[in-house]
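Engineer: Sharing a structure here in structure tokens format.
Following this line, the structure appears as structure tokens:
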């Protein structure tokens, strides 16, 4: 676990969080044509941090050899052909009529739940592999973004197949057209189930999907009324999931065909007409542009910049690639108040650390680890997704991130990091219509009704045990920091600290943190009776010191930024 030097390093950050003082932000009219003049290693790494999951030194060097426009185009297209979709053998849901005895039915339910968990774990691992491999980092970054934007949770959807299909929907539309994605999401099985549209009928409308479509997906609060929500719900009637929740279909007899008045317009709106109406509102491009810019820059745009990008989004008919081309070639994207000012999410932190270390980690470990740091994929805390920003960092999660980094490097044991982390599931005797994973973690927006209160705890079972055995018995970090330093002809304390910090940190190391790391290295070297410049001659002991130094570096608050 973490030791005293780590705590000292944390204290050093409290004294000097940033080594670079804030500077005046460039004005667009002065610097828009000048992006090539600021095409530096630091700005390239900033782009990798925001448009992907960090960069290795060779990747930064590659980008510096390209012109900015050419590199951004490649970033939008991907660096290599992406992997084939993971083949998923979806388990068949047992039905009561297939079994004579209830006991046999309950056993089949338990097998079904276990197989669903196995499939979810496998797919989550595959997704982490895509992020770490970074064949198309921006695409995977956008899949992650849409997962937190158009939120659904396995606790409420309770069918892995639906969650996998939604993830594939986000991947197809990741950098495509927002209008097309918005139209697709209102008939997505996971979303229909998550926001209760199966209960949305012409004689008994359910407002959940209409409310979130307006509040969180397109317009934002203050740009619609409660009456608009009620009328919008009528437009969405008739769309339902199949019984096994793996598909969706339109049921005409449950659709309200009458005239609806929404946002001052009266027509016989259906789902597509309702979405078109929302996209036509001036608030919609402003909402989407604000969300995208804030996610990638870490700060909200000012009014003039928001208006500029919202107008551009409409001009390009909701196409996202032109939007990102403009954003990533905008000198304001690289201003000092944006660089190194965004706190990385747990997924971004663990994927970035894995990539910078250059190691191969069982991807399910990353999934479980991110979950325990507050971001379990396929299980966001509410309909609003993850809060993000400063909410990612508490004393507990900061220490937890350090311990996760130590586990990746091999200086902390898995069982000291991954505690039992249960998912909620339906009581065995109450799984109806294929319900698998339920939960009482309800959205805080008021849109979802409180439900499914009677739950029992169920851990990840064989998955957790298998991962513990695999990691403890088979996982050896394929990393040799001693050889890495020797190959670079690095020997002195300051060279070692600067080189490792440059490789492992997404942002520059502060002078205060550098002093703390040098003090640690000097203490460890002195304990081995070695002079400065002789540490690498200590063999196995030098590797142990270097790994603990890397652990401290990845535990620094600088490592949490991107």
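Residue numbers (the working numbering): 4 to 565. Note that CB positions come from ideal geometry on N, CA and C, so glycine has one too. It should be emphasised that the depicted structure is a prediction, and the values quoted were computed from it without experimental measurement.
1) What's the call for residue 260, buried or exposed, on a 16-neighbour Cβ count within 10 Å?
2) Are there 16 or more other CB atoms within 10 angstroms of the CB of residue 202, so buried, or fewer, so exposed?
3) Measuring CA to CA, which of 243, 237 and 249 is closest to residue 271?
4) Tell me which same chain residues have a C-beta within less than 7 Å of the C-beta of residue 264, skipping the five on either side of it?
5) Given a cut-off of 8 Å, decide if residue 332 and residue 88 are closer than it, judged by their beta-carbon atoms.
6) Do the CB positions of residue 393 and residue 485 come within less than 8 Å of each other?
7) Which residue wins for smallest C-alpha separation from residue 350, given the options 376, 327 and 329?
8) Would the stretch 352-368 count as touching the stretch 129-145 if we require 3 or more Cβ pairs under 8 Å?
9) Looking at C-alpha atoms only, which residue of 310, 277, 276 and 275 is the closest neighbour of residue 291?
10) Given a threshold of 16 other Cβ atoms within 10 Å of its Cβ, counted over all protein chains shown, does residue 254 qualify as buried or as exposed?
11) So, is residue 84 buried or exposed, given that buried needs 16 or more other C-beta atoms within 10 angstroms?
12) According to DSSP, which residues form a beta bridge with residue 564?
13) Consult DSSP for residue 156 and reduce its assignment to one of helix, strand or coil.
14) Nearest-angstrom Cα distance between residue 48 and residue 509?
15) Extract the residue ranges of the alpha helix (DSSP H) inside the stretch 360-426, only unbroken runs of 4 or more that lie entirely within it.
16) Using a 10 Å radius around the Cβ and a threshold of 16 neighbouring Cβ atoms, would you call residue 67 buried or exposed?
17) Is the beta carbon of residue 173 sitting closer than 8 Å to the one on residue 323?
18) Mind listing, in chain order, the continuous alpha helix (DSSP H) runs of no fewer than 4 residues lying wholly within the stretch 156-209?
19) Which residue wins for smallest C-alpha separation from residue 197, given the options 81, 383 and 412?
20) Thinking C-beta only, is residue 371 closer than 8 Å to residue 284?
21) Which residues does DSSP pair with residue 251 in a beta bridge?
22) Count Cβ pairs between the stretch 503-517 and the stretch 552-565 that sit closer than 8 Å; are there 3 or more?
23) For residue 46, which option in 295, 335, 528 and 108 has the closest C-alpha, if you only look at C-alpha atoms?
Structural biologist: Taking the definition as stated:
1) exposed
2) Burial call: exposed.
3) 237
4) 234
5) no
6) no
7) Comparing Cα positions, the closest option is 376.
8) yes
9) Selection 310, 277, 276 and 275 evaluated against residue 291 yields 310 as nearest (Cα-Cα).
10) exposed
11) exposed
12) 346
13) Residue 156 carries a coil assignment under DSSP once its states are collapsed to helix, strand and coil.
14) 7 Å
15) Runs of the alpha helix (DSSP H) inside the stretch 360-426: 366-375 and 398-412.
16) exposed
17) no
18) As summarised for the stretch 156-209, the continuous alpha helix (DSSP H) elements at least 4 residues long and confined to that stretch are 157-160, 163-176, 181-188 and 192-197, given in chain order.
19) 383
20) no
21) 244
22) Look at the beta carbons and you see the stretch 503-517 touching the stretch 552-565: at least three pairs across the two are nearer than 8 Å.
23) 335
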